[in-house]
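Participant: Dropping the structure in here first, questions after.
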Amino acid sequence: MEKVVATINKLQDVFDTIEDRTKSIQLPEIVVVGSQSAGKSSVMEGLVKKDFLPRGTGIVTRRPLLIRLTNVPLNDPLRKKDKLNLIGNIGDGDWATFKHLGDKIFTDFLEVRQEIEAETDRVTGKRKGISNDPISLNIYSANVVNLSLTDLPGITKVPVGDQPLDIEKQIREIIHKYIDNPNSLILAVTPANTDFATSESLCLAREVDPNGERTICVLTKLDIMDPGTDANQVLMGKIIKVKLGIIGVKNRSQADIIADKSVEKCIEEEELFLQNNYPDLADIHGIPYLADTLSKLLISHIHKCLPDLKLKIAKLLIRNQNKLATLGEPIIDKNTTILQVISRFTKAYTASLDGNCKDLASNELTCGARICYIFHDIFKKEMEEIDPIEDLTKSEILTTIRNAAGTRPALFVPENSFDFLVFKQLSRLEKPSLSCVELVNEELLRVVHHCGDEMKEERKRFPLLFERIDDILLQFLEPRVAETKVFVKKMVQIQLAYINTKHPEFNDTELAEILAELGKEEEEVDYVGYQKNTKKVSSNKSNAGVTDDTLQGSIYESNWTSRGAKTTKKIEESLRQPLTEREKRDQKLIEKLIKGYFYIVQNIIIDIVPKAIMDGIVNEVREKIRDELVKILHKCADINELVAESSTTNESRKRTSQMLDALNKADQILNKLREI
Numbered sequence: 001m002e003k004v005v006a007t008i009n010k011l012q013d014v015f016d017t018i019e020d021r022t023k024s025i026q027l028p029e030i031v032v033v034g035s036q037s038a039g040k041s042s043v044m045e046g047l048v049k050k051d052f053l054p055r056g057t058g059i060v061t062r063r064p065l066l067i068r069l070t071n072v073p074l075n076d077p078l079r080k081k082d083k084l085n086l087i088g089n090i091g092d093g094d095w096a097t098f099k100h101l102g103d104k105i106f107t108d109f110l111e112v113r114q115e116i117e118a119e120t121d122r123v124t125g126k127r128k129g130i131s132n133d134p135i136s137l138n139i140y141s142a143n144v145v146n147l148s149l150t151d152l153p154g155i156t157k158v159p160v161g162d163q164p165l166d167i168e169k170q171i172r173e174i175i176h177k178y179i180d181n182p183n184s185l186i187l188a189v190t191p192a193n194t195d196f197a198t199s200e201s202l203c204l205a206r207e208v209d210p211n212g213e214r215t216i217c218v219l220t221k222l223d224i225m226d227p228g229t230d231a232n233q234v235l236m237g238k239i240i241k242v243k244l245g246i247i248g249v250k251n252r253s254q255a256d257i258i259a260d261k262s263v264e265k266c267i268e269e270e271e272l273f274l275q276n277n278y279p280d281l282a283d284i285h286g287i288p289y290l291a292d293t294l295s296k297l298l299i300s301h302i303h304k305c306l307p308d309l310k311l312k313i314a315k316l317l318i319r320n321q322n323k324l325a326t327l328g329e330p331i332i333d334k335n336t337t338i339l340q341v342i343s344r345f346t347k348a349y350t351a352s353l354d355g356n357c358k359d360l361a362s363n364e365l366t367c368g369a370r371i372c373y374i375f376h377d378i379f380k381k382e383m384e385e386i387d388p389i390e391d392l393t394k395s396e397i398l399t400t401i402r403n404a405a406g407t408r409p410a411l412f413v414p415e416n417s418f419d420f421l422v423f424k425q426l427s428r429l430e431k432p433s434l435s436c437v438e439l440v441n442e443e444l445l446r447v448v449h450h451c452g453d454e455m456k457e458e459r460k461r462f463p464l465l466f467e468r469i470d471d472i473l474l475q476f477l478e479p480r481v482a483e484t485k486v487f488v489k490k491m492v493q494i495q496l497a498y499i500n501t502k503h504p505e506f507n508d509t510e511l512a513e514i515l516a517e518l519g520k521e522e523e524e525v526d527y528v529g530y531q532k533n534t535k536k537v538s539s540n541k542s543n544a545g546v547t548d549d550t551l552q553g554s555i556y557e558s559n560w561t562s563r564g565a566k567t568t569k570k571i572e573e574s575l576r577q578p579l580t581e582r583e584k585r586d587q588k589l590i591e592k593l594i595k596g597y598f599y600i601v602q603n604i605i606i607d608i609v610p611k612a613i614m615d616g617i618v619n620e621v622r623e624k625i626r627d628e629l630v631k632i633l634h635k636c637a638d639i640n641e642l643v644a645e646s647s648t649t650n651e652s653r654k655r656t657s658q659m660l661d662a663l664n665k666a667d668q669i670l671n672k673l674r675e676i
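Structure representation (C-alpha cells):
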C-alpha cells in the first residue's frame, strides 16, 4: 500500500522539471499552512524526528519546501548501495538528499539546515524576500512513515526589514497556488493559545475547501494555554468541525531548543503531557498519531485521485504529441521546410473549402459552407428581392408605349416599348451579381486564417512566410476576380443584347394566358370604341390630352419658345388625366410581360453566376494555388527570413518536449504500479 506514496514522490520528481507544472498536472500532496510562529517548524521536525529546519525571527520558510519522507528499514537493500557505503558511517543512520544537488548525500542534519538556508538565500537574497521556486528535500530513515509534505511560508501581516510592503499578498498567492489544487490535502496549523474561530490557516482552507473535505487541523502549543483553560472542546470538534479531524500536539519550546533537547526526547515528554492533561484523548493526539494519520490519509487520497490522474496524463500525452507535431522538428533544410509548409497549407485550405477539415466548427458557418451560403442565401435572396417593375410609373409605361407608336395611334401595344422597358429593368441584375463575386473573393482570403488549428500553429511558427502566402493568394485572386466580373457583366449584357420573346418559358401560350387573365378583369375594348372614346375625351377640356387649342397654338403662336413650352405643358397635363380602360389594360399588359420575362432572365443569372465564380475563381484556387506558391516561394531571395522561427516557437517546442518527456516517464511510473 505504501508504494503509492513512493509513486507520487517519483511523479513529483518528474514534474518538478517542468516550469509551473501546477498548470498542467495536479498531484496529490499534503500542504502545510499556518501563520508565522504557529509552530509549523516544530510539527515538521516532529514528523521527521530531526532538528533540520532553519530557525530565527520573522519569516524563516521563504520558499516552498517539498519534504519526501521514505521509510527505510535497517535491513533494506537501499542501505547497501555503493554510494551510501562510500560515506562509511551510514550504518543504521538517516540521510538526506536535495534535488538541486543531485546525488550528494547528507548525514549531518545540521548541514541540511545550512543547505536550506543557503539555497533560499541564493534565490531570494538575504533580505527576507520570498520566492515561489520550491526546494525539494528527500529524507530516508527507519523512524519515519512514508509521507510527502509541502511546507509553505508562514502568513504574516506586517513586513519587516527590507521585505516588500505587499509581503502578505505575495505569501497568500504562493499558498493559494498549492491549496487551489483540488488533489491537495490541507494541513492547517493553528496555535491553541489563540482564538480558534479566527484561525488564519482555517480561513484560508475554507476559501478553497468550504466543506472541509480535504482539510485536517493540527492544534499546536497545547502546553502554553492560559492557566485554567484547556483545548478539550476544540479537540473534540465542538467549536469548529473539521471533517478530517483535529489533532493536538505539544511543541518543542525555545528552552528545549536552547538546551539542545532531542526531538525524540520532546516526543516522549509530549506523550506524558497528553496522558496527564488529556487522558481521554491522549491516544488520538500527539506527533506519532499525527504522522500515522497523515500517512493513511495520503495513501487513501492518492488511491482516490489516481484513476483521474492516469486519465489526465493520457490526455496530456496525446495533446502534447499533437502540439509537438504541429511545431515541427527544428529546421535543417529551409527549402524542404517551405515545401512542407506549402503542402500542409494547400491541403488544409482545400479541405476547408470542401468541408473536410479536422476542426469543423459547430457554432458558425466557415470556409466552403460560407461560400455556399453566399450563393444560395445572400445572392439569391438579393436577386429575388428586386421588384421587376420598381421605379416604373404608370405614366412612364404609357409614355413609352406612345413614343414607340410614333406618329400613328397604336392598334396594339408596340413590341419595342416592351423591349425598352424590360432592358432597363434587366440592367439592375448586374450589381448584385458583381457583389456576389466580391463576397466570394473576400471569403477565399478569409479562409487562409480559418483553415484549422494546425495552420494556426504554423502561422505562429512562420509569421513572415504566411504574410507572403497571404500576398501571393491576393495577387493570384485579383486577375481571376477581374476576369470573372467581366464574364458576369458579359452574361448580363448577353441577356440585354437580345430580348427573346420566343423563349420556351415566354412563348405564345404565356402571352395568351396573360391576355386571358386581363380579359377576366375587364372586357376587351375594340379599336372603334377606343377611337370614339379618344375623341370624346379630346373634346372635353377637363379631360383633354392634346386639344384643338394646343394644335392651333402650335401653328399660330409667333414665339417658338413660348409655343413649345405651352405644348409640353398641355401634354404633361394630358398624361396626368385618369387613364382610359384601354390605357389601363395596356399598362397592365406591359407590367405582366416585364415580370414574366424578368423572372426568366433572373433565374438564368442566379444559376450562372455561382457557376462562373466556381469555375473562374474557386476551382482555380483549389487546383493551381500550390504550384503558384511553389513557383514564387522556392525562388525568393529572402528564404532565410521567411522560415526564421519566432523566439516563442522555439521556446514552445522546448517546453512541449520537456512536458512530453515528463508525461512519458509519469506514464511508465504509473504502469509499474500494478496493484493500483
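Residue 1 is where the sequence shown starts when you use the UniProt record's numbering, and the numbers rise one by one after that.
We put the CB at the ideal spot given by N, CA and C, even for glycine.
For clarity, every value in this text was computed on a predicted model and none was experimentally measured.
1) Could you tell me which residues DSSP puts in a beta bridge with cysteine 217?
2) So, alanine 231 versus leucine 219, is the Cβ gap smaller than 9 Å?
3) In chain order, what residues of the same chain lie with their CB nearer than 7 Å to the CB of isoleucine 608, ignoring the 5 residues before and after it?
4) Let me know the secondary structure DSSP gives glycine 154 once reduced to three states.
5) Could you tell me if leucine 165 is buried or exposed, where buried requires 16 or more neighbouring beta carbons within 10 angstroms of its beta carbon?
6) Going by beta carbon distance, what residues of the same chain come within less than 6 Å of aspartate 94, once the five residues before and after it are set aside?
7) Please identify the residue among Lys456, Val440 and Leu673 whose C-alpha is closest to the C-alpha of isoleucine 378.
8) What residues are listed by DSSP as bridge partners for isoleucine 135?
9) Going by C-alpha distance, which of Gly237, Glu200, Leu202 and Asp195 is nearest aspartate 226?
10) Isoleucine 139 and valine 48: beta carbons closer than 9 Å?
11) To the nearest angstrom, how far is it from the Cα of asparagine 277 to the Cα of arginine 68?
12) Can you tell me whether DSSP reads valine 643 as helix, strand or coil?
13) Would a C-beta distance cut-off of 9 Å place isoleucine 135 and phenylalanine 106 closer than the cut-off?
14) Less than 9 Å separating the beta-carbons of glutamine 425 and glutamate 390?
15) Could you tell me which of Glu117, Ile632, Leu110 and Thr156 sits nearest to isoleucine 469, measuring between CA atoms?
16) Does isoleucine 30 come out as helix, strand or coil in the three-state DSSP assignment?
17) Skipping 5 residues on each side, what residues in its chain have a beta carbon closer than 8 Å to that of isoleucine 669?
18) Check leucine 149 in the structure and name its three-state DSSP category.
19) If you measure between the beta carbons of valine 621 and leucine 473, is that distance less than 9 Å?
20) Taking alanine 644 as the reference, which of Val60, Ala255 and Val341 has the closest Cα?
21) Measuring straight from C-alpha to C-alpha, what distance separates alanine 482 and arginine 319?
22) State the Cα-Cα distance for the pair tyrosine 527 and serine 435, rounded to the nearest angstrom.
23) Tell me whether leucine 664 sits in a helix, a strand or coil according to DSSP, three-state version.
24) Would you grab the beta carbon distance between lysine 128 and aspartate 151 for me? Rounded to a whole angstrom, and I think it's under 8 Å.
25) Could you tell me the boundaries of the alpha helix (DSSP H) in which phenylalanine 487 lies?
26) Quick check on leucine 71: does DSSP put it in helix, strand or coil?
27) Grab me the residues of serine 295's own chain with a C-beta within less than 8 Å of its C-beta, minus the 5 sequence neighbours each way, in chain order.
28) In the DSSP assignment, what are the bridge partners of alanine 96?
29) Alpha helix (DSSP H) containing arginine 370: first to last residue?
30) Methionine 614: which of Asp667, Tyr178 and Leu477 sits nearest, CA to CA?
31) Going by other Cβ atoms of all chains shown within 10 Å of its Cβ, with 16 needed for buried, is cysteine 266 buried or exposed?
32) Could you tell me the alpha carbon to alpha carbon distance between threonine 350 and cysteine 451, rounded to whole angstroms?
33) So, under 8 Å CB-CB, leucine 202 and isoleucine 257 are touching, yes? Tell me the CB distance rounded to an integer number of Å.
34) Residues in the same chain with beta-carbon distance under 8 Å from residue 685, minus the five sequence neighbours each way, listed in chain order, please.
35) Report the three-state DSSP secondary structure of serine 352 (helix, strand or coil).
36) In its own chain, which residues sit with a C-beta less than 6 Å from the C-beta of alanine 666, not counting the 5 before and 5 after it?
Facilitator: Checking against the coordinates, here is how it stands:
1) Paired residue(s): Ala188 and Ile246.
2) The answer is yes: Cβ separation under 9 Å.
3) Met491, listed in sequence order.
4) Correct three-state label for glycine 154: coil.
5) Counting every other CB atom within 10 Å of its CB across the protein chains shown gives leucine 165 a total below 16, marking it as exposed.
6) Excluding positions up to five away in sequence, the list reads Ser141.
7) Comparing Cα positions, the closest option is Val440.
8) Paired residue(s): Leu65.
9) Taking only the C-alpha atoms, the option nearest aspartate 226 is Asp195.
10) Contact flag set, yes.
11) So the alpha carbons of these two residues sit roughly 33 Å apart.
12) DSSP places valine 643 in the coil class of the three-state scheme, outside both helix and strand.
13) Cβ atoms of isoleucine 135 and phenylalanine 106: not closer than 9 Å.
14) A contact, by the Cβ cut-off of 9 Å.
15) Out of Glu117, Ile632, Leu110 and Thr156, Ile632 has the C-alpha closest to the C-alpha of isoleucine 469.
16) Reduced to three states, the DSSP call for isoleucine 30 is strand.
17) If we look at isoleucine 669 and ignore the five residues flanking it on each side, its Cβ neighbours are Thr7, Lys10, Leu11 and Val14.
18) Correct three-state label for leucine 149: strand.
19) Going by C-beta atoms, valine 621 is nearer than 9 Å to leucine 473.
20) Nearest to alanine 644 by C-alpha distance, out of Val60, Ala255 and Val341, is Val341.
21) Distance from the CA of alanine 482 to the CA of arginine 319, rounded to the nearest whole angstrom, comes to 44 Å.
22) Unreliable placement is indicated for tyrosine 527, whose pLDDT of 41 sits below 50; no coordinate value is reported for it.
23) According to the sequence shown, residue 664 is asparagine rather than leucine. It is helical.
24) In fact, because the Cβ distance is near 17 Å, the residues do not count as touching under 8 Å.
25) First-last of the alpha helix (DSSP H) with phenylalanine 487: 463-497.
26) The sequence shown places asparagine at residue 71, rather than the leucine named in the question. The three-state reading of DSSP puts asparagine 71 in strand, counting E and B together.
27) If the five residues before and after serine 295 are omitted, its C-beta is found closer than 8 Å to the C-beta atoms of Glu2, Val5, Val145, Asn146 and Leu147, all from its own chain and listed in chain order.
28) DSSP output for alanine 96 lists Phe106 and Ile139 as bridge partner(s).
29) For arginine 370, the enclosing alpha helix (DSSP H) starts and ends at 368-373.
30) Of the candidates Asp667, Tyr178 and Leu477, the one whose C-alpha sits nearest the C-alpha of methionine 614 is Leu477.
31) In this structure cysteine 266 is buried. Its beta-carbon is surrounded by 16 or more other beta-carbon atoms within 10 angstroms.
32) Between threonine 350 and cysteine 451, the C-alpha separation is close to 9 Å.
33) Contact flag wrong, Cβ pair sits at about 27 Å.
34) Look at the range of the chain in this structure, 1 to 676, and you will see that residue 685 is not part of it.
35) In this structure, serine 352 counts as helix in the three-state DSSP scheme.
36) Apart from the 5 residues on each side of it in sequence, alanine 666 sits with its Cβ closer than 6 Å to the Cβ of Leu11, Val14 and Ile313 in its chain, given in chain order.
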